[in-house]
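Residue numbers (the working numbering), protein chains in the order written: chain A, 22 to 217; chain B, 22 to 217.
The C-beta atom is built at its ideal place from N, Cα and C for all residues, glycine as well.
Here the structure is a predicted model, which means the values were calculated and not measured.
2 protein chains.
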Amino acid sequence: MRLRYRSIKPFCEKTCSVNCGLCPRLGRVSTTNNAGAGAAAAGPGRRVASAGPVSHAIFRVARIHKLLAGQLLREVGLYPGQELLMMRLWDEGPQRQADLAAVLDADAPTVTRSVRRLERAGFVRRSPSPTDGRVTIIEATPASMGLRQAVERIWADLERMTVADMSESRQGDVLQALGELERNLATSEESRRGDR
Amino acid sequence: MRLRYRSIKPFCEKTCSVNCGLCPRLGRVSTTNNAGAGAAAAGPGRRVASAGPVSHAIFRVARIHKLLAGQLLREVGLYPGQELLMMRLWDEGPQRQADLAAVLDADAPTVTRSVRRLERAGFVRRSPSPTDGRVTIIEATPASMGLRQAVERIWADLERMTVADMSESRQGDVLQALGELERNLATSEESRRGDR
DNA sequence: TGAAGGTACTTGTTCGAGCAACTAATCGAG
DNA sequence: CTCGATTAGTTGCTCGAACAAGTACCTTCA
């Protein structure tokens with residue numbers, strides 16, 4: 022890299038070993054496919070990023086999905102994940118916090134905190150179980166019912182964005198693929214749980 | 022619910038309106054498919070959770086995938102997401118922090134913090150650009166090279182868990198499905214970005 | 001009956017992620 | 001040359017998520 026005189030704008034003659042900010046920016050393309058596409062185009066072997074195409078794809082889908090969910094839910098004052106908990110309470114009624122955690126497959130500290138925050142927001146109520154001193158019953162408050170329709174609409178919107186103009190049978194294909202991935206991953210997760 | 026006398030164990034005669042902890046626990050099954058399966062079995066309409074089967078499936082796949090990634094990466098002292106940043110530096114060499122953020126499609130505060138943490142761990146080095154007073158160059162340290170092989174192995178393991186015994190062509194199907202989802206979501210995300 | 005094992009929830013801690021707001025440096029039009 | 005617009009990075013803040021550890025309550029078994 023050789024800088025030109027100060028009287029004209031400095032530029033980098035060719036790609037230097039440091040991305041000085043002046044080199045032609047081959048890596049500056051900001052499409053979401055870039056990491057994957059770059060990896061695919063980069064030739065074999067040398068690129069760590071070429072490992073795990075399915076994992077990369079999962080990561081990218083999950084990221085944008087959650088980003089969109091976050092933006093939609095923000096309009097009604099919820100964070101991603103909170104709506105799943107509320108949905109469960111709306112659909113199934115009051116239940117033990119531990120059951121909630123089990124069904125959501127979330128860890129207990131996370132549920133404790135999430136419930137507390139929703140309680141503070143007035144959307145859930147906590148009460149001790151009448152029969153077991155360890156147990157807390159969680160229920161959706163009347164105030165949260167106003168949220169229910171909004172959350173329904175938001176999830177419908179999110180689903181529409183997700184499947185876009187896929188045919189019904191294509192959606193079925195996609196669901197099947199995701200189901201297989203989930204089964205594979207769940208199997209691994211369960212055997213690792215045994216190892217611990 | 023009617024409790025029995027104290028001299029014998031109290032039980033709940035039938036499912037009461039509060040999950041008191043004694044009722045037959047129909048919702049207590051803790052398989053990861055429960056939310057989806059329950060929703061499918063629950064009949065139409067009344068369940069918020071029946072909305073968005075693809076979104077639910079994405080959420081579940083992403084959750085376990087990230088959980089597994091987290092456990093594997095933890096063995097080498099990294100958090101999920103950090104390895105993607107390191108991969109990028111290993112593969113592409115030193116670069117501007119803003120380029121890193123663009124390529125990872127991460128927001129700048131997240132990258133700032135992640136880089137700082139990796140710097141503290143000795144895995145990256147930050148230096149000012151020689152030509153632009155705003156720019157910080159990020160590079161992988163020699164110390165991080167010891168990590169590279171471990172991360173490669175971890176991602177290979179993760180991918181193996183993810184695809185399990187799927188045939189090559191089935192993997193291609195899955196990648197195609199994920200690619201479509203990503204395109205749909207990215208399209209929505211980009212048009213929302215224009216709205217803001 | 002009492003001890004051991006198990007369950008429910010909480011607290012501590014770290015992280016990535018998103019959005020808002022801010023400061024400093026650079027760019028480009030007038 | 002000036003100044004408004006844009007870019008780069010940082011700080012503030014909230015959240016879910018994971019793992020570790022702790023306390024209190026319940027169940028089982030000798």
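How should residue i be labelled, buried or exposed, when 16 other C-beta atoms within 10 angstroms of its C-beta is the threshold for buried?
i	result
B/S135	buried
A/D120	buried
B/M166	exposed
A/E104	buried
A/A56	Note that A/A56 scores 40 on pLDDT, short of 50, meaning its location in the model is unreliable; the coordinates nonetheless yield the value given after this. The residue is buried, with at least 16 neighbouring Cβ atoms inside 10 Å.
B/V50	Residue placement at B/V50 cannot be trusted, given a pLDDT of 30 that sits under 50; the coordinates are not used to answer.
B/R155	exposed
A/S212	exposed
A/G66	Legend: pLDDT at A/G66 = 41, less than 50; position of this residue unreliable, value from coordinates given subsequently. Its Cβ having fewer than 16 others within 10 Å, A/G66 is exposed.
A/A129	exposed
B/N205	buried
B/S188	exposed
B/S148	exposed
B/R81	buried
A/S76	buried
B/S190	exposed
B/L47	Interpretation of B/L47 is limited by its pLDDT of 31, a score under 50 that renders its predicted location unreliable; the figure taken from the coordinates is listed afterwards. Under this definition B/L47 is an exposed residue.
In its own chain, which residues sit with a C-beta less than 6 Å from the C-beta of residue i, not counting the 5 before and 5 after it?
i	result
A/W111	A161 and R169
A/E113	none
B/T172	Reading off the sequence, residue 172 of chain B comes out as Val, not Thr. Excluding positions up to five away in sequence, the list reads E104.
B/V184	Q192
A/E210	none
Leaving aside the five residues before and after residue i along the sequence, list all residues of the same chain whose C-beta is less than 7 Å from its C-beta, in chain order.
i	result
A/L89	L179 and M182
A/P115	I158, I159 and E160
B/A61	Low local confidence applies: a pLDDT of 36 at B/A61 is under 50, so the model's placement there is unreliable, with the coordinate-based value given in what follows. Excluding residues within five positions, none has a Cβ falling inside 7 Å.
B/D194	none
A/R214	none
A/A58	Low per-residue confidence applies at A/A58: pLDDT is 37, beneath 50, and the placement is therefore not dependable, though the value from the model is reported in the following sentence. If we look at A/A58 and ignore the five residues flanking it on each side, it has no Cβ neighbours.
What whole-angstrom Cβ distance do residue i and residue j have, given they're in contact under 8 Å?
i	j	result
B/R109	B/V124	6 Å
B/P151	A/L196	Not really, about 52 Å apart at Cβ, beyond 8 Å.
B/E203	A/I85	7 Å
B/I79	A/A78	Going by Cβ atoms, the distance from B/I79 to A/A78 rounds to 11 Å, so no, they are not a contact pair.
B/A18	A/A198	A query on residue 18 of chain B cannot be resolved here, the shown segment of chain B reaching from 22 to 217 and no further.
B/W176	A/A72	4 Å
Give every residue of the same chain whose Cβ lies closer than 8 Å to the Cβ of residue i, excluding the five residues on either side of it in the sequence, and list them in chain order.
i	result
B/G143	T162, A164 and S165
A/R117	S150, V156, T157, I158 and I159
A/V132	L106, Q118, L121, A122 and L125
A/L99	M107, L168 and V172
A/P101	K87, A90, G91 and L94
B/E140	R146 and R147
In the DSSP assignment, what residue or residues form a beta bridge with residue i?
i	result
B/I159	B/Q116 and B/R147
Following a CB-centred definition, is residue i positioned closer than 8 Å to any heavy atom of the ligand GTP?
i	result
A/G114	This structure does not include the ligand GTP; it has no bound ligands of any sort.
To test your reading of the DSSP string, which unbroken alpha helix (DSSP H) runs of 4 or more residues are found completely within the stretch 98–137 of chain B?
103–113 and 118–125
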